[in-house]
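Asks: Let me begin by handing over the structure; questions about it come next.
Protein chains: 4
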Amino acid sequence: MTHRRTVETTFRVRYAETDQSGAVYNANYLVWFEVARGEFFWQRGGDYAQMFEARGLYLVISEAHLRYLAPARYGDRVTIRAWVSEIKSRGLTVEYLVANAETQAKLCEGWTRAVCIDRAGRATRLPDDLRAFFE
Amino acid sequence: MTHRRTVETTFRVRYAETDQSGAVYNANYLVWFEVARGEFFWQRGGDYAQMFEARGLYLVISEAHLRYLAPARYGDRVTIRAWVSEIKSRGLTVEYLVANAETQAKLCEGWTRAVCIDRAGRATRLPDDLRAFFE
Amino acid sequence: MTHRRTVETTFRVRYAETDQSGAVYNANYLVWFEVARGEFFWQRGGDYAQMFEARGLYLVISEAHLRYLAPARYGDRVTIRAWVSEIKSRGLTVEYLVANAETQAKLCEGWTRAVCIDRAGRATRLPDDLRAFFE
Amino acid sequence: MTHRRTVETTFRVRYAETDQSGAVYNANYLVWFEVARGEFFWQRGGDYAQMFEARGLYLVISEAHLRYLAPARYGDRVTIRAWVSEIKSRGLTVEYLVANAETQAKLCEGWTRAVCIDRAGRATRLPDDLRAFFE
Chain A
73 MTHRRTVETT FRVRYAETDQ SGAVYNANYL VWFEVARGEF FWQRGGDYAQ
123 MFEARGLYLV ISEAHLRYLA PARYGDRVTI RAWVSEIKSR GLTVEYLVAN
173 AETQAKLCEG WTRAVCIDRA GRATRLPDDL RAFFE
Chain B
73 MTHRRTVETT FRVRYAETDQ SGAVYNANYL VWFEVARGEF FWQRGGDYAQ
123 MFEARGLYLV ISEAHLRYLA PARYGDRVTI RAWVSEIKSR GLTVEYLVAN
173 AETQAKLCEG WTRAVCIDRA GRATRLPDDL RAFFE
Chain C
73 MTHRRTVETT FRVRYAETDQ SGAVYNANYL VWFEVARGEF FWQRGGDYAQ
123 MFEARGLYLV ISEAHLRYLA PARYGDRVTI RAWVSEIKSR GLTVEYLVAN
173 AETQAKLCEG WTRAVCIDRA GRATRLPDDL RAFFE
Chain D
73 MTHRRTVETT FRVRYAETDQ SGAVYNANYL VWFEVARGEF FWQRGGDYAQ
123 MFEARGLYLV ISEAHLRYLA PARYGDRVTI RAWVSEIKSR GLTVEYLVAN
173 AETQAKLCEG WTRAVCIDRA GRATRLPDDL RAFFE
């Protein structure tokens, strides 16, 4: 885990994110992973939509893995740490750790692989400046 | 309520749509309203994205109202009836009634007003053929 | 708008909250309204789930109204101001204003009415201490 | 893939499920996986909430994996096939294949592992009658 490639963000669990089991619904962790990816850009003064989409590029998720370790509850403050663990010519892998911000209990860990595509949906080389942004 | 302007669709409540109160989360009724609008097109052989967006037009919701009458539960089969209650030169109003498909108990009623806009976001006259589609 | 009854919270628009029109999907404003209600509790040292649900009470939305004024976009910082505009023996009304945190442009305004119910779903008098919390 | 353990369900992509890339947002496939699990019960005359939750048991997702193969679009009819691929004393694995119902193009494949827990959150033996339901 390189420091320069790591981002951290903390927020409260929304009521909308719970389900009738009383805990956070499983799909919402993928949303939280995406929030962390967004923060990676924002905390470095960038913005995914402006840096990628505005020039006709998309980072699309090609694979995702999640391990659920403990339930998150409504109102909990959760911290997500995300780091770029691998950069390839056409994509990158991000790893995530979601923890309770108070107790530091691990709630979920996972990773996503993303591929850089153009407007036609073809896998494309990550431009050098964008690649450098992740390094 | 004109018959030709009415649509009906029935589906099961998803677990993702519940919250920790044990009932369906309030925002999901707006999603269901949209499903009914989509069915209005599909059941007449059309498709909103192809008929509007593909020619640079959008029907955007400008106002919405919901009255929640009884909770919907996971696994319930719910029926949404929607009908175009008013058509104006630049938009239309749709009304909705969500009921339990088994008991017919009313769960929610509401309406949405939509405005036709172009790619620049300007309110635009609803083209005659699209207007005719709703009549 | 009484100061003591007002809350304000600011956050970034999530990618998950957009739809293919390129703006925030209409139902998500109801989620944001709920985030603001949650903040009303958290910013005063309380928590809805602990103050209501833990004693068998629920504040359920009985009616909602939204006027959409301008689109919110991915990555925008939005500010929601919410205030309790009316308190009755069995419920309360909250009003909301969503604005772009940078430009202050109004994006959405609305209100929700909530009723206090018990575990059996019966409308119930708001206990004095909870009523005082909103005053 | 045993026939008796397989379920299939088909539905339209909702507008709410798209994001500004113009395709279905990645987290929604986990929601669709859950819809298929629900159908597994409903199509056999059962219901997850009544068979598990009503007796104090929950099947919680402990691990999930998704491979995204092609984008799903608004209005597409998608078919999800799901089958129980492994049953253990305290849980089970379900595999999924999401395809375009018209073209049969594969959109996403994945699996989820679920653990049976009781109200206290402890991993618990899957009762024999429930285990038999999956066989």
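Protein chains in written order, with my numbering: chain A, 73 to 207; chain B, 73 to 207; chain C, 73 to 207; chain D, 73 to 207. Every residue, glycine too, gets a C-beta built ideally from N, C-alpha and C.
1) Rounded to whole angstroms, what's the CA-CA distance from Ala173(B) to Glu181(B)? Just pull it up for me.
2) So, is the C-beta of Ile152(D) closer than 8 Å to a C-beta in chain A?
3) Between the region 127–143 of chain D and the region 189–201 of chain D, are three or more C-beta pairs nearer than 8 Å?
4) List the residues of chain A whose Cβ lies closer than 9 Å to the Cβ of Asp119(C), in chain order.
5) Using the DSSP secondary-structure output, state which residues sit across from Gly163(B) in a beta bridge.
6) Among Tyr140(C), Glu135(C), Ser134(C) and Ala136(C), which residue has its Cα nearest to the Cα of Ser134(B)?
7) Can you confirm whether Ala142(D), when its beta carbon is compared against all beta carbons of chain C, has any partner nearer than 8 Å?
8) Who does Val96(A) pair with in a DSSP beta bridge?
9) According to a CB-to-CB cut-off of less than 7 Å, which residues of the region 81–105 of chain C neighbour chain D?
10) In the DSSP assignment, the beta strand (DSSP E) including Phe83(C) goes from what residue to what residue?
11) With burial defined as no fewer than 16 other Cβ atoms inside 10 Å of the residue's Cβ, what is the status of Ala204(D): buried or exposed?
12) On the DSSP letters alone, give me the boundaries of the beta strand (DSSP E) that Arg197(C) sits inside.
13) What did DSSP end up calling Gly110(D) once you bin it into helix, strand or coil?
14) Using a Cβ-Cβ cut-off of 8 Å, state whether Ala171(D) counts as contacting chain A.
15) State the start and end residues of the unbroken beta strand (DSSP E) segment that holds Tyr130(A).
16) When we look at the beta-carbon of Met73(D) and count the other beta-carbons within 10 Å, is it buried (16 or more) or exposed?
17) Excluding the five sequence neighbours on either side, which residues of its own chain have a C-beta within less than 6 Å of the C-beta of Asn100(A), listed in chain order?
18) Does the beta-carbon of Ala144(A) have 16 or more other beta-carbons within 10 angstroms, so that it is buried, or is it exposed?
19) Ends of the alpha helix (DSSP H) at Tyr146(C)?
20) Using a Cβ-Cβ distance cut-off of 8 Å, determine whether Tyr254(C) contacts chain B.
21) Is it right to say Gln176(D) is buried, meaning 16 or more other beta carbons lie within 10 angstroms of its own, or is it exposed?
22) Put Ala173(A) into one of helix, strand or coil per three-state DSSP.
23) Ignore the nearest five residues each way along the sequence and tell me which others in Arg197(A)'s own chain have a CB closer than 8 Å to its CB.
24) Answer with buried or exposed for Arg184(B), where buried requires no fewer than 16 other C-beta atoms within 10 angstroms of its C-beta.
25) For the alpha helix (DSSP H) that Gln122(C) lies in, which residues bound it at each end?
Replies: So, from the listed chains and residues:
1) Note on geometry: alpha-carbon atoms of Ala173(B) and Glu181(B) lie some 15 Å from one another.
2) No, Ile152(D) does not count as interfacial toward chain A.
3) Yes, the region 127–143 of chain D touches the region 189–201 of chain D.
4) For Asp119(C), the chain A residues whose Cβ falls inside 9 Å of its Cβ are Tyr146 and Gly147, in order along the chain.
5) Bridge partners of Gly163(B): Lys160(B) and Val187(B).
6) Of the candidates Tyr140(C), Glu135(C), Ser134(C) and Ala136(C), Tyr140(C) places its Cα closest to the Cα of Ser134(B).
7) Under the Cβ criterion of 8 Å, Ala142(D) is not counted among the residues facing chain C.
8) DSSP lists Thr90(A) as partners of Val96(A).
9) The residues in question are Tyr87, Ala88, Thr90, Asp91, Gln92, Gly94, Tyr97 and Ala99.
10) Secondary structure note for Phe83(C): its beta strand (DSSP E) is the uninterrupted segment Thr78 to Arg84.
11) By the 10 Å Cβ count, Ala204(D) comes out exposed.
12) For Arg197(C), there is no enclosing beta strand (DSSP E), as DSSP marks it with neither H nor E.
13) Three-state DSSP puts Gly110(D) in a helix.
14) Output row for Ala171(D): interface = no.
15) Its beta strand (DSSP E) spans residues Leu129 to Tyr140.
16) With a pLDDT of 45 at Met73(D), under the threshold of 50, the modelled position of that residue is not reliable, and the figure given next carries that caveat. Met73(D) is exposed by the Cβ-count criterion.
17) Correct list, in chain order: Glu89.
18) Answer is buried; the Cβ neighbour count reaches 16.
19) That residue, Tyr146(C), is in no alpha helix (DSSP H); it is neither H nor E in DSSP.
20) No answer is possible for residue 254(C): it lies beyond the span of chain C, which begins at 73 and ends at 207.
21) Classification for Gln176(D): exposed.
22) Looking at Ala173(A) - three-state DSSP - the assignment turns out to be coil, as it is neither helix nor strand.
23) Around Arg197(A): Ser161, Arg162 and Cys188.
24) Reading off the sequence, residue 184(B) comes out as Thr, not Arg. Around the beta carbon of Thr184(B), 16 or more other beta carbons lie within 10 angstroms, which makes this residue buried.
25) For Gln122(C), the enclosing alpha helix (DSSP H) starts and ends at Tyr120 to Met123.
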